[in-house]
Amino acid sequence: MTFEKRLATRAGEIDIALADALARAASERAGVPPRLAEAMRHAVMAGGKRMRPFLVLETAIMAGGQRDAAMPAAVALELVHCYSLVHDDLPAMDNDLLRRGKPTVWNAFDEWTAILTGDALLTLAFEHLAASRHPAVSDGLRLDLVARLAAAAGGHGMVGGQGLDLEADKLGKPPRPDIAHIERLQAMKTGRLFEVACLMGAMTGGAGRPEALALARFGAGLGAAFQLADDLLDVEGDAATVGKATAKDAAAGKATLVGMMGLEAARQRLAEIERGALGEVESFGPSADVLRETLRFACARER
Ligand code: GRG
196 MTFEKRLATR
206 AGEIDIALAD
216 ALARAASERA
226 GVPPRLAEAM
236 RHAVMAGGKR
246 MRPFLVLETA
256 IMAGGQRDAA
266 MPAAVALELV
276 HCYSLVHDDL
286 PAMDNDLLRR
296 GKPTVWNAFD
306 EWTAILTGDA
316 LLTLAFEHLA
326 ASRHPAVSDG
336 LRLDLVARLA
346 AAAGGHGMVG
356 GQGLDLEADK
366 LGKPPRPDIA
376 HIERLQAMKT
386 GRLFEVACLM
396 GAMTGGAGRP
406 EALALARFGA
416 GLGAAFQLAD
426 DLLDVEGDAA
436 TVGKATAKDA
446 AAGKATLVGM
456 MGLEAARQRL
466 AEIERGALGE
476 VESFGPSADV
486 LRETLRFACA
496 RER
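Numbered continuously in the working numbering, the sequence shown closes out at residue 498.
Right under this line is the structure:
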């Protein structure tokens, strides 16, 4: 099976689990108010690549676990990712009109609906994971997964990285961010969710601690590559293929690695990050081939 086919097949499985999680939430107790439920579906069921949940499932399977045991963590992670996109697109943050080729939630509905949609998706993520049951996932492991996901998503993870990014963009702090600053904030903003994807997969699959840590480092490298490829797409991609506006970073005077290093050096840096991540999974042999292909896909992506 080609990598693209494998990703598409898993995306189909993940979509079913996501739709089910949204439907269940909508039918709980008095139910989610219809406008909010529609906006949540708009945010989640809009054709994302499902890279992060894909990584959870594939890492779990390579570590010897079962897909269904890892699905609640995969769903929870994608819900966190979708919330972050809804809030990131808001006028107060990135002010984007288009996401995944469709109007962003605030553009299709309004700002307050988009804020509440993000809030509801974030909380649903933790409700879904905490309330899940599978014989291969003990209560202790599930609690650990909840804690790891919260740490990756919060103030010392993705939200913190977004905070540093906006501080640089909107307040000019620090006045001249250096490459190390940008790499650090990107590791938090984008890298932490990829890192926790591989870590949660490894934990669910029963990997030992050294293996789980190596897989988490692979995930962090994949996240760095993914982000740098995203910056390159902003410069080199076209909006119709990417599914959102491009050339935004330069127009906004945003400090990105591509802007600071230039295209050639950024491409070299991407290759260097790719080599580093591959090194983390070298000892896993052919069992890590899907992860290697995921990395290749992230580095060469067009959308
Ligand atoms: C609002 C707390 C908060 C955080 C926002 C993820 C994020 C943090 C901002 C998005 C900014 C951005 C464009 C980052 C580049 C990498 C990235 C996360 C791209 C979008 O993820 P994909 O390509 O999206 O996996 P799909 O649509 O495929 O799910």
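Beta carbons: idealized from backbone N, C-alpha and C, even for Gly. Remember, it's a predicted structure, so these values are computed and weren't measured experimentally.
Hey, could you find the ends of the alpha helix (DSSP H) residue i is sitting in?
i, result
"HIS276", "262 to 283"
"ASP426", "404 to 431"
"LEU292", "No alpha helix (DSSP H) contains LEU292, which DSSP labels as neither H nor E."
"LYS365", "353 to 366"
"SER222", "198 to 222"
"PRO229", "229 to 239"
"GLU477", "Per DSSP, GLU477 belongs to no alpha helix (DSSP H) and is neither H nor E."
"VAL485", "484 to 494"
"PRO248", "246 to 257"
"ASP334", "334 to 348"
"ALA303", "300 to 303"
"ALA309", "306 to 326"
"ALA397", "387 to 400"
"ALA375", "374 to 381"
"GLY454", "452 to 456"
Figure out for me which residue from the options has the closest Cα to the Cα of residue i.
i, options, result
"GLY396", "LYS297, ILE211, MET257, ASP314", "MET257"
"GLU459", "ARG496, LEU423, GLU475, GLY474", "LEU423"
"ALA234", "THR385, ASP360, ALA411, TRP307", "TRP307"
"PHE249", "PHE389, ASP305, MET456, LEU311", "PHE389"
"GLY454", "SER279, VAL430, ALA287, ASP289", "VAL430"
"VAL275", "SER478, ARG219, LYS384, GLU475", "LYS384"
"LEU316", "GLU488, HIS282, LEU408", "HIS282"
"GLU322", "ARG247, GLU223, ASP444", "GLU223"
"ALA446", "ASP289, ALA303, SER482, GLY355", "ASP289"
"ALA238", "LEU252, LYS297, ARG247", "LYS297"
"MET398", "LEU252, LEU490, ALA466", "LEU252"
"ALA483", "ARG464, ALA407, GLN463, ALA495", "ALA407"
"PHE304", "GLY352, HIS351, ARG230, LYS443", "ARG230"
"ARG496", "ARG404, SER478, LEU465", "LEU465"
Return the chain-ordered list of same chain residues with a C-beta closer than 8 Å to the C-beta of residue i, the five sequence neighbours on each side being excluded.
i, result
"LEU324", "PRO267, ALA268, VAL270, ALA271, ARG337, LEU340, VAL341, LEU344"
"MET240", "ASP210, LEU213, ALA214, LEU217"
"ARG245", "LEU202, ARG205, ALA206, ILE209, ASP210, GLU273"
"VAL227", "ALA220, ALA221, MET235, ALA315"
"ARG262", "GLU208, LEU252, ALA255, ILE256"
Answer yes or no: do residue i and residue j have a C-beta to C-beta separation smaller than 8 Å?
i, j, result
"PRO370", "HIS376", "no"
"PHE413", "ALA493", "no"
"THR197", "LEU486", "no"
"ALA264", "ALA331", "yes"
"GLY480", "GLY260", "no"
"LEU428", "LEU410", "no"
"ALA295", "GLY242", "In the sequence as presented, Ala is not what sits at residue 295; that position holds Arg. Yes. Within cutoff."
"VAL391", "ALA461", "no"
"GLY386", "ALA419", "yes"
"GLY416", "ILE374", "no"
"LEU359", "LEU380", "yes"
"GLY313", "TYR278", "yes"
"ALA309", "LEU285", "yes"
"ASP425", "LEU452", "no"
"ASN302", "LEU292", "yes"
Beta-carbon within less than 6 Å of residue i's beta-carbon, same chain only, minus the 5 sequence neighbours each way: which residues are those?
i, result
"SER333", "none"
"ILE319", "What sits at residue 319 in the sequence shown is Leu, not Ile. Cβ neighbours of LEU319 beyond the five flanking positions: ALA220, LEU274."
"GLU475", "ALA409, ARG412, PHE413"
"HIS329", "ALA264"
"SER327", "PRO267"
Sorry if obvious, but does the Cβ on residue i come closer than 7 Å to a heavy atom of the ligand FAD?
i, result
"ALA221", "Absent from the structure shown: the ligand FAD. Ligands present: the ligand GRG."
Can you find a CB in chain C that lies within less than 8 Å of the CB of residue i?
i, result
"ARG404", "Going by chain labels, chain C is absent from the structure shown, which holds only one protein chain."
Between which residues of its own chain and residue i is the CB-CB distance below 7 Å, once the five residues before and five after are set aside?
i, result
"ALA450", "ALA363, PRO372, ILE377"
"PHE421", "THR385, PHE389, ALA493"
"LEU361", "MET288"
"LYS443", "ASP429"
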